[in-house]
Amino acid sequence: MSGEPFLDDLDLERVERLAQLELDEEAREALRADLGRILAFAAQMGEIPDQACEGGVDEETVVPMRWRADRVLRFEGLAEAVAAPDRREGWFVTPDSDGRT
Amino acid sequence: MTGVAGPTIAALREGMREGRLSAASILEDARAKLLEEEPRLHALRHRYDRPETGGADGPLHGVPYLTKANVAVAGRPLDCASRILEGYVSPFDATVTERLRAAGAVLLGATNMDEFGMGSSTEHSCDGPTRNPLDLTRTPGGSSGGAAAAVAAGWVPFALGSDTGGSVRQPAAFCGLVGLRPTYGRVSRHGLVAFASSLDQIGPLARRVDDVAEVFAVLAGVDPHDTTTVEPADEPDDTLPPVPRVGVPRSLLDLATPVVREHFVRCVETLDAAGLRVVDVELPASHRATAIYTVLAAAEASSNLARFDGLLYGRRVEGTSWEETVRRSRTEGFGREVQRRILSGVFALAADQRAHYHDRARRARHAVREEHHRALASCDALLLPTAPTLPFPLGERVDDPLRMYGSDVFTTPASLAGLPALALPSGATDEGLPHSVQLVGAPFAERRLFALARRLEELFEVERVQRDLLRLDLPEDSP
């Protein structure tokens, strides 16, 4: 990657939306310039040989989800139905994927 | 006011045992100093009118301390020096808070910091910067600058900081103190507001290695609330070999300014003359550690800070829809540096950029980790400068993010590698500014690190250096 990356308006608008920020024009232009410099700096990582980087990060594997069995529960009223889970010592108690709490 | 001086934990304990001091008199003295000097230093974010007192029988009974404004204390403000958490009060204690209370320590307040830990000068606080007590025109470093300033000014014997890329070590260096970043997983992060979860660690700052070691012993240990804490299977003890070996990555010294580099070379010569064995090591990937860290920390921060939206707590700026409320709250609540990091982190994780930035950074981190483990196989600890410069003037770097990130070139490698690292005063300039060196140890080798650091404390005459550092006796009308 040569030179300083330039984030066009579309890039910046997308990043701003993902970051849930609402920048005015002045702030947007200042941050555009900053981001370009930061990304150029970050690209220095490319100087580390690929061989040195091998072995540390496993290839992504799909871990099958362990779904809890559906349960049908009856509640006396709406209040009970929407009540938070049990609490213990200030923490919510929720079953883990094995059904234990 | 003296330079970096003041009672150690051991001196306070001895004073109480001999009846010269009491927990009440120590507290009164600490509070008086704090109240007198805080207007000039601005080291505090929150001062507690009623301190949090601890148990009467613990090893730190009666010892006053300060915590960083991103560590939870039940019933107290927890705002990370950010407007977005304005008015938020923590409903629970961090594990470190609980452990220090059980040990008898007395908590006086929360210290100023760079917002959410993002910075190296404590100038990114929503409430204004902290000043370095050794020179009020300079920064105390960051992001734990308030903690460092308070300890260096002699208010308390120790304070808690948090270290993601160097935020305990670098301010310790800038204020003439000892600062520890523990092995990742040694100290619980439960109750630490997350910045970058694979990098954050809580660590103590104090004037002496013994004090840091004593506080670390209280903080460390497995915590069921933080599943990243571990109990090491084979913890190295504190026994040093007859001829300790220090590994020096000489090629990294190019990253330091000439004055820091020349001082560091003299330190190495001192160790060599004292009979320690100096071993040359190579850390080629670590030249780019700050670039790797910049991507990973920003990516993790963008995820961790997504929860702050003004809807349930903190500062809310109303919009015409909930989405607009969230955007306005975040835009007005976060400072410029935090926005910068969130945006760069979001970009690094974006679907079409992730391979170039985030994934690449994760793989490059492995290179840094591996070369550290190889280097540590040939020595008892690595030795390098803590910071590339002396404490810099307030305002010099606050608007230049890359120059600010450059403060972390010597601290980010150990963070990426998850290794314990200790900053230690090593001398002073003629102008009274502190020099600092950093020891990096093998995983879970804090006790050995402390043993080696105690040797260096003697060789570098740290007690004398701290006593002679610039005295804070400027005229009352100084800025």
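Residue numbers (the working numbering), protein chains in the order written: chain A, 19 to 119; chain B, -9 to 469.
We put the beta carbon where it would ideally sit given N, CA and C, even for glycine.
All figures in this text were calculated on a predicted structure; none of them were measured in a lab.
| query | Roughly how far, in whole angstroms, is the beta-carbon of Val358 (chain B) from the beta-carbon of Ile282 (chain B), given that I think they are within contact range, below 8 Å? | reply | For the purposes of this step, residue 358 (chain B) is taken as the residue at position 368 of the second sequence. For the purposes of this step, residue 282 (chain B) is taken as the residue at position 292 of the second sequence. At roughly 7 Å, the Cβ-Cβ gap stays under 8 Å, so Val358 (chain B) and Ile282 (chain B) are in contact.
| Assigned secondary structure, Leu126 (chain B) (DSSP; H/G/I helix, E/B strand, else coil) | On the second sequence, residue 126 (chain B) is found 136 positions in, with the first residue counted as 1. Leu126 (chain B) carries a coil assignment under DSSP once its states are collapsed to helix, strand and coil.
| Rounded distance between the beta-carbons of Val271 (chain B) and Val238 (chain B), thought under 8 Å | On the second sequence, residue 238 (chain B) is found 248 positions in, with the first residue counted as 1. On the second sequence, residue 271 (chain B) is found 281 positions in, with the first residue counted as 1. About 7 Å; that satisfies the 8 Å criterion.
| field | Within 8 Å, strictly: CB atoms of Tyr38 (chain B) and Leu98 (chain B) | value | Residue mapping note: residue 38 (chain B) aligns to position 48 of the second sequence, counting from 1. Residue mapping note: residue 98 (chain B) aligns to position 108 of the second sequence, counting from 1. Cβ atoms of Tyr38 (chain B) and Leu98 (chain B): closer than 8 Å.
| How would you label Trp145 (chain B), buried or exposed, when you count the other beta carbons within 10 angstroms and need 16 or more for buried? | Taking the first residue of the second sequence as position 1, residue 145 (chain B) is located at position 155. Classified as buried, Trp145 (chain B) has 16 or more neighbouring CB atoms from the shown chains inside 10 Å of its CB.
| query | Would the beta-carbon of Leu286 (chain B) fall within 8 Å of that of Ala186 (chain B)? | reply | Within the second sequence, numbered from 1, the residue matching residue 286 (chain B) stands at position 296. Within the second sequence, numbered from 1, the residue matching residue 186 (chain B) stands at position 196. Contact flag set, yes.
| Ends of the beta strand (DSSP E) at Gln160 (chain B)? | Translated into the one-based positions of the second sequence, residue 160 (chain B) becomes position 170. Element bounds for Gln160 (chain B): not the beta strand (DSSP E) but the alpha helix (DSSP H), 159 to 164.
| query | Under 7 Å Cβ-Cβ, which residues of chain B neighbour Glu65 (chain A)? | reply | By 1-based counting over the first sequence, the position of residue 65 (chain A) is 47. What Glu65 (chain A) touches in chain B: Arg278.
| field | Which of helix, strand or coil DSSP assigns to Asp467 (chain B) | value | The count along the second sequence starts at 1 and reaches residue 467 (chain B) at position 477. Note on Asp467 (chain B): pLDDT 41, under 50, position unreliable in the model; the coordinate value appears next. If DSSP states are grouped into helix, strand and coil, Asp467 (chain B) belongs with coil.
| Under a three-way DSSP split, which group does Ser20 (chain A) fall into? | Translated into the one-based positions of the first sequence, residue 20 (chain A) becomes position 2. Here the model assigns Ser20 (chain A) a pLDDT of 47, short of 50, so the residue's position is not dependable, and the following value carries that caveat. Coil at Ser20 (chain A), not helix or strand.
| field | Contact the stretch 364 to 374 of chain B vs the stretch 421 to 436 of chain B: 3+ CB pairs below 8 Å | value | Yes: at least three Cβ pairs fall under 8 Å.
| Residue ranges of each alpha helix (DSSP H) within the stretch 147 to 206 of chain B, 4 or longer | Whole alpha helix (DSSP H) segments, 4+ residues: 159 to 164.
| query | For the candidate residues B:Asp216, B:Lys23, B:Arg352, whose alpha-carbon lies nearest to that of Thr289 (chain B)? | reply | The count along the second sequence starts at 1 and reaches residue 289 (chain B) at position 299. Here residue 289 (chain B) turns out to be Ala, not Thr, going by the sequence shown. Selected option, being the one with the closest Cα: B:Arg352.
| query | Where Ala345 (chain B) and Ala61 (chain A) are concerned, what is the direct C-alpha to C-alpha distance, given to the nearest angstrom? | reply | On the second sequence, position 355 is the one that residue 345 (chain B) refers to. On the first sequence, position 43 is the one that residue 61 (chain A) refers to. Roughly 12 Å between the two C-alpha positions.
| message | Using CA atoms only, rank isn't needed, just tell me which of B:Arg35, B:Tyr55, B:Arg73 is closest to Leu17 (chain B). | response | Here residue 17 (chain B) refers to the residue found at position 27 of the second sequence. Ranking the options by Cα distance to Leu17 (chain B), first place goes to B:Tyr55.
| request: Please decide whether Gly54 (chain A) counts as near chain B, where near means a Cβ-Cβ distance under 8 Å. | output: Locating residue 54 (chain A) in the first sequence gives position 36, where the first residue counts as 1. No, Gly54 (chain A) lies away from the interface with chain B (no Cβ there is under 8 Å from its Cβ).
| said: Which of the three DSSP states is assigned to Phe106 (chain B) in this structure? | reply: Indexing the second sequence from 1 puts residue 106 (chain B) at position 116. DSSP places Phe106 (chain B) in helix when its eight states are reduced to three.
| In chain order, what residues of the same chain have a beta carbon less than 6 Å from the beta carbon of Lys23 (chain B), not counting five sequence neighbours either side? | On the second sequence, residue 23 (chain B) is found 33 positions in, with the first residue counted as 1. For Lys23 (chain B), where only same-chain residues beyond five positions count, the Cβ hits under 6 Å are Trp145.
| query | When you compare each of A:Ala48, A:Arg89, A:Glu43, A:Val33 to Pro391 (chain B) by their alpha carbons, which one comes out closest? | reply | On the second sequence, position 401 is the one that residue 391 (chain B) refers to. It is A:Ala48 whose Cα lies nearest to the Cα of Pro391 (chain B).
| query | In whole angstroms, what separates the C-alpha of Arg278 (chain B) from that of Asp190 (chain B)? | reply | Numbered from 1 along the second sequence, position 288 holds the residue referred to as residue 278 (chain B). Numbered from 1 along the second sequence, position 200 holds the residue referred to as residue 190 (chain B). One C-alpha to the other measures close to 20 Å.
| message | Under DSSP, the beta strand (DSSP E) around Gln428 (chain B) begins and ends at which residues? | response | Numbered from its first residue, the second sequence carries residue 428 (chain B) at position 438. That run of the beta strand (DSSP E) goes 424 to 430.
| message | Tell me which residues share the same chain as Ile(-1) (chain B) and place their Cβ nearer than 6 Å to its Cβ, disregarding the 5 neighbours each side in the sequence. | response | Working through the second sequence from its first residue, we reach residue -1 (chain B) at position 9. Excluding residues within five positions, the ones whose Cβ falls inside 6 Å are Val53, Pro147, Asp201, Glu204.
| field | Val158 (chain B) beta carbon less than 8 Å from that of Leu170 (chain B) | value | In the second sequence, residue 170 (chain B) corresponds to position 180, counting from 1. In the second sequence, residue 158 (chain B) corresponds to position 168, counting from 1. The answer is yes: Cβ separation under 8 Å.
| field | Integer Cβ distance of Ala296 (chain B) from Arg331 (chain B), believed to fall under 8 Å | value | Residue numbering aside, residue 296 (chain B) sits at position 306 when the second sequence is read from its first letter. Residue numbering aside, residue 331 (chain B) sits at position 341 when the second sequence is read from its first letter. Going by Cβ atoms, the distance from Ala296 (chain B) to Arg331 (chain B) rounds to 13 Å, so no, they are not a contact pair.
| said: Please list, in chain order, the chain B residues whose beta carbon lies closer than 7 Å to that of Leu133 (chain A). | reply: Past the edges of chain A, shown from 19 to 119, lies residue 133 (chain A), and the structure says nothing about it.
| task | On a CA-only basis, which of B:Val61, B:Gly9, B:Arg91, B:Ala93 is nearest Val79 (chain B)? Give me that one, please. | result | Your numbering for residue 79 (chain B) matches position 89 in the second sequence. Nearest option by C-alpha distance: B:Val61.
| Expected contact under 8 Å - CB spacing of Ala84 (chain B) and Gly181 (chain B) to nearest Å | Mapped onto the second sequence, residue 84 (chain B) falls at position 94. Mapped onto the second sequence, residue 181 (chain B) falls at position 191. Yes, they are in contact, since the Cβ atoms of Ala84 (chain B) and Gly181 (chain B) sit about 2 Å apart, within 8 Å.
| field | Among B:Ser426, B:Leu412, B:Ala411, nearest to Ala471 (chain B) - alpha-carbon criterion | value | What is shown of chain B runs -9 to 469, which leaves residue 471 (chain B) out entirely.
| Between B:Arg457, B:Arg267, B:His51, which lies nearest to Arg89 (chain B) when the distance is taken from Cα to Cα? | Residue numbering aside, residue 89 (chain B) sits at position 99 when the second sequence is read from its first letter. Closest option to Arg89 (chain B), Cα to Cα, is B:His51.
| Segments assigned alpha helix (DSSP H), at least 4 residues, entirely inside the stretch 377 to 420 of chain B | Here the runs fully enclosed are 391 to 395, 402 to 407.
| Close beta carbons around Ala246 (chain B), own chain, < 6 Å, minus the five adjacent residues each side | On the second sequence, residue 246 (chain B) is found 256 positions in, with the first residue counted as 1. Excluding sequence neighbours, Ala246 (chain B) sits near Pro375, Pro378.
| task | Would you decide whether Arg457 (chain B) is buried or exposed? Buried here means 16 or more other CB atoms lie within 10 Å of its CB. | result | Taking the second sequence and counting its residues from 1, the one referred to as residue 457 (chain B) is at position 467. By the 10 Å Cβ count, Arg457 (chain B) comes out exposed.
| Under a CB-based cut-off of 8 Å, is Leu36 (chain A) close to chain B? | For the purposes of this step, residue 36 (chain A) is taken as residue 18 along the first sequence, with counting starting at 1. By this cut-off, Leu36 (chain A) is an interface position.
| request: List the whole-angstrom C-beta distance separating Gly109 (chain B) from Glu327 (chain B), where the pair is believed to meet the contact cut-off of C-beta under 8 Å. | output: Within the second sequence, numbered from 1, the residue matching residue 109 (chain B) stands at position 119. Within the second sequence, numbered from 1, the residue matching residue 327 (chain B) stands at position 337. Yes, they are in contact, since the Cβ atoms of Gly109 (chain B) and Glu327 (chain B) sit about 6 Å apart, within 8 Å.
| At least one CB of chain A closer than 8 Å to the CB of Ser178 (chain B): is that the case? | In the second sequence, counting from the first residue as 1, residue 178 (chain B) sits at position 188. Interface flag for Ser178 (chain B) against chain A is unset, since no Cβ pair is found closer than 8 Å.
| field | Chain-ordered neighbours of Tyr347 (chain B) on chain A, where CB pairs are closer than 7 Å | value | As a working mapping, residue 347 (chain B) is identified with position 357 in the second sequence. Chain A residues near Tyr347 (chain B): Ala60.
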